[in-house]
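Have a look at the structure below before the remarks.
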Amino acid sequence: MFDRPTIIDDAFVRRVAAQDFPAPRSNIAPFSISAPQLVDLFDTQIMSRHLDLWARRSKGKTFYSIGSSGHEGTAAMAAATRHTDMAFLHYRDAAFLIQRKKQFGGLTPLYDMALSFAAAADDPISGGRHKVLGCANTFVPPQTSTIASHLPKAVGAAHSLGMAQRLKLADAVLPHDAVILCSFGDASANHSTSQGAFNSACWAAYQHLPMPIIFLCEDNGIGISVRTPGGWIEANFAHRPALHYIQCDGADLNDAVRGCREAVRFARSRRRPVFLHMRTVRLMGHAGADVEASYSALANIEAAEAQDPLLHSARILHEQAGFSGEEIVGRYQDMRARVDRVAQDALAKPRIETAADVMTSIEPIQGFKASPPLPDASARDALFAKDQRNLAKPVTLAKSINFALADLMQRYPNVALFGEDVARKGGVYGVTQGLQDKFGAARVFDTLLDEQTILGLAIGMGHNGFVPIPEIQFLAYLHNAEDQIRGEAATLSFFSNRQYRNPMVLRIAGLPYQKGFGGHFHNDNSLAVLTDIPGIVVACPSNAADAPAMLRECVRMAHEDGKVVVFVEPIALYHTTDLVEANDGEWTAPYVAPAESQSINFGELHQHGNGSELAIITYGNGYYLSQQAEAELRASGIDLRIIDLRWLHPLNDAAIVAAVADCRNILIVDESRRTGSLSEKLMTILAEAGRGDVTHRITAEDCFIPLGPAAELVLPSRESIIAAAKAAVA
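Under the UniProt record's numbering, residues 1 to 730 are what the sequence shown spells out, in order.
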């Protein structure tokens with residue numbers, strides 16, 4: 001009862017030999033598919049099936065055995081699309097990937113899949129790091145099983161096609177007439193991430209913006225153990241505004257080819273989104289360890305097996321290409337032998353052997369793409385013609401970022417800036433004010449109010465040659481969309497063995513001390529959500545002198561190295577001008593043009609003062625508050641230096657240790673919460689360097705930030721820094 005793979009395998013051989021084919025599931029007419037095309041698609045389907053059977057029978061030798069059995073009809077979509085139509089795949093789409101690789105030519109899809117199943121180091125997509133469906137040659141970025149997380153970036157990639165065409169972007173990777181494919185299961189269609197992607201695609205199409213995307217819903221009626229109500233997918237999607245709905249039967253090659261061709265033709269010619277509802281079946285349960293009989297009646301399992309797509313394909317081969325049952329079974333058994341031979345070879349290949357080899361893929365290849373030269377002086381003068389008065393005087397942090405963004409957008413034609421309210425309004429704090437006037441609505445634009453869509457848009461645009469600069473309005477707003485960074489952008493280099501890049505500079509207004517709005521949602525001080533993600537960079541400028549050079553370095557890393565960079569901007573310091581006394585102007589600085597500016601390299605610290613009795617290590621608002629405390633500390637006889645980290649992740653351990661090597665005492669000032677904060681990492685770094693006994697810290701409390709003056713009760717302050725510094729040297 002429980003060995004369903006063997007039951008399914010034996011049933012195919014027995015029934016086809018007897019020409020006991022299932023009847024069509026509905027009134028489906030033969031379609032214009034030539035006999036060679038039918039045979040080619042059938043070979044793809046049985047290759048995918050035998051890979052599944054091998055994986056299920058090779059326990060302990062293969063890994064992550066979520067199979068594709070029952071979903072082999074997706075080979076029809078590969079046949080209907082071009083290899084330059086980027087595809088973000090459901091994890092059950094092995095048949096699609098095999099067919100696409102076959103059509104591209106010169107590749108070895110069977111061997112490649114076997115290497116991936118075996119976690120062999122020779123696996124051409126992940127290098128043995130994970131069993132994923134992907135191929136750099138055929139525009140299939142690798143996907144894992146995070147539910148629905150790939151849909152927002154597929155929408156972003158589709159949007160980027162029209163953008164690249166309008167901007168005549170030389171860096172574009174995809175042809176302007178490409179379509180984007182995004183496939184997923186019926187259960188995933190209910191996920192909030194999916195719903196956001198559908199909504200954003202329709203929102204764009206409703207406004208007549210190009211959105212050539214095919215949402216391929218592979219409806220097998222179940223998500224792990226939870227049944228999808230009958231008719232739910234059709235009821236939910238058949239009548240959505242601006243979404244063209246098509247149905248097809250994925251178990252029947254005739255209807256699968258018809259539906260896929262119709263969907264591709266519509267998306268390519270109309271440049272509008274399509275929802276292709278493909279009926280499939282799920283065979284062999286959810287995954288290798290899943291015992292479907294524990295939650296499904298045997299009658300339901302057998303009913304699904306009776307509709308095995310391979311049985312339907314055998315019927316069509318018999319009826320339309322004249323193949324006998326014996327000939328079809330012979331082809332099936334030949335493929336079994338071929339898969340077994342290749343599988344044994346794949347299992348003999350070495351796997352990754354060192355931690356260093358695993359981790360190499362986290363860091364994209366440096367200098368992958370050279371930055372363009374700086375614009376000539378006359379072009380820059382024209383860009384800033386209306387800003388001459390502001391350029392002639394010291395500016396705030398917010399204005400310095402604004403000027404830096406303008407310079408960067410002039411230098412990098414592939415940079416686009418977007419988010420909530422960033423265009424005409426210029427952002428909640430005016431940081432992006434005037435940039436749409438300078439660069440147009442195609443490069444500076446407002447998005448709908450959905451952080452998942454904003455980040456997905458950035459990831460998808462990065463696939464097509466852009467360096468996106470999305471903005472998340474407040475740090476607290478990141479959390480409902482964090483998986484787009486953690487699960488998608490940050491992992492792409494890892495799962496593709498550095499063949500795919502996710503360049504972006506994500507700007508986030510954050511950190512505490514803001515008055516006005518106040519409260520937790522506009523004063524979130526939790527950076528831990530970002531600083532434990534491998535491979536990304538987190539930067540935090542504290543002042544107008546540093547911000548432009550740091551932002552230029554961030555864009556350089558994104559453009560040249562494909563890095564995912566997060567640029568956290570302290571809200572409370574945006575418009576701060578004074579340091580100690582009213583009108584002292586000490587927290588402003590002249591804006592220095594790129595050609596005249598000194599660079600601030602990734603990991604480079606800043607040191608204020610040279611005292612050796614106490615070193616204060618801090619960042620952001622902590623750097624500002626520590627400088628406020630400096631005069632009183634010096635007056636009390638404490639000779640100190642203040643170190644601004646600037647780069648918060650990954651921390652430059654060696655530079656930090658060296659910066660305090662000649663200091664007798666160390667105080668860490670951290671505006672984040674005590675638990676899970678940067679201060680914990682800094683304490684560890686210094687303890688491992690033998691300085692733990694002279695290191696102290698002051699942090700925010702493990703608490704959300706309240707509204708109004710009460711906020712000051714849970715955050716470091718000038719006064720508490722003074723007290724902590726005095727205690728540290730006592």
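The C-beta atom is built at its ideal place from N, Cα and C for all residues, glycine as well.
Of the other Cβ atoms in all chains shown, fewer than 16 fall within 10 Å of the Cβ of T108; this residue is therefore exposed. DSSP assignment within the stretch 446 to 481 yields the following whole alpha helix (DSSP H) runs of 4 residues or more, N-terminal first: 451 to 462. A residue is called buried once 16 or more other Cβ atoms fall within 10 Å of its Cβ, and H239, having fewer, is exposed. A check of alpha carbon separations from A189 across E302, A481, G223 identifies G223 as the nearest. Counting only the Cα atoms, N543 lies some 34 Å from S361.
Sorting A725, D52, A442 by C-alpha distance to the C-alpha of R166 places A442 at the top. Sequence-distant Cβ neighbours of P413 in its own chain, meaning closer than 6 Å and more than five residues away, do not exist here. Closest by C-alpha distance to A55, out of L115, I147, M86, H83, is L115.
A Cβ-Cβ contact shorter than 7 Å links S496 with P142. When DSSP states are grouped into helix, strand and coil, T618 belongs to the strand group. The C-beta distance from A118 to A346 rounds to 5 Å, short enough to fall under 8 Å. Straight-line measurement puts the Cα of E72 at about 8 Å from the Cα of R49. Around the beta carbon of P175, fewer than 16 other beta carbons sit within 10 angstroms, so the residue counts as exposed. Comparing alpha carbon positions, the residue from Y591, L449, D290 closest to A398 is Y591. In this structure the stretch 214 to 229 lies against the stretch 182 to 197, because at least three pairs of beta carbons, one per stretch, are closer than 8 Å. For the 7 Å CB-CB criterion, A154 and C182 form a contact.
About 19 Å separates the Cβ atoms of A727 and V714, ruling out a contact at the 8 Å cut-off. Only exposed fits H479, as fewer than 16 other CB atoms lie within 10 angstroms of its CB. Closest in C-alpha terms to A251, from the list S68, I469, R486, comes S68. Around the beta carbon of I685, a 10 Å sphere encloses 16 or more other beta carbons of the protein chains shown; the residue is thus reported as buried. Judged by DSSP in its simplified three-state form, H649 adopts strand. Each of F12, I698, L625 was checked against the Cα of I46, and the nearest Cα belongs to F12.
In the DSSP assignment, the residues bridged to I246 are L276. In summary, I316 is buried, with 16 or more beta-carbon neighbours lying within 10 Å of its beta-carbon over all protein chains present.
Counted as a single uninterrupted DSSP element, the alpha helix (DSSP H) harbouring F12 occupies residues 4 to 17. Restricted to the stretch 334 to 403, the alpha helix (DSSP H) segments that are unbroken, complete and at least 4 residues in length are 355 to 360, 377 to 383, 388 to 391, listed in chain order. Setting aside the 5 residues that flank it on each side, L614 is surrounded in the same chain by L633, I638, D639, L640, R641, C663, R664, N665, I666, L667, A725, A728, V729, each with a C-beta closer than 8 Å to its C-beta; the list follows chain order. Secondary structure at R501: coil, using DSSP grouped into helix, strand and coil.
Within the same chain, and ignoring the five residues on either side of V16 in sequence, the residues whose Cβ sits closer than 6 Å to its Cβ are A314, G325, I328, V329.
Out of N502, F521, N523, the CA that lies nearest to the CA of I536 is found in N502. In the DSSP annotation of this structure, L107 is not part of any alpha helix (DSSP H), being labelled neither H nor E. Judged by DSSP in its simplified three-state form, T576 adopts coil rather than helix or strand.
The alpha-carbon of V505 is positioned some 15 Å away from that of T432. Assignment of beta strand (DSSP E) within the stretch 662 to 691, counting only whole runs of 3 or more residues, yields 665 to 673 in chain order.
Between L253 and I8 the beta-carbon gap is near 19 Å, outside 8 Å, which marks them as no contact. In this structure, L530 sits away from V580, with a CB-CB distance that is not shorter than 7 Å.
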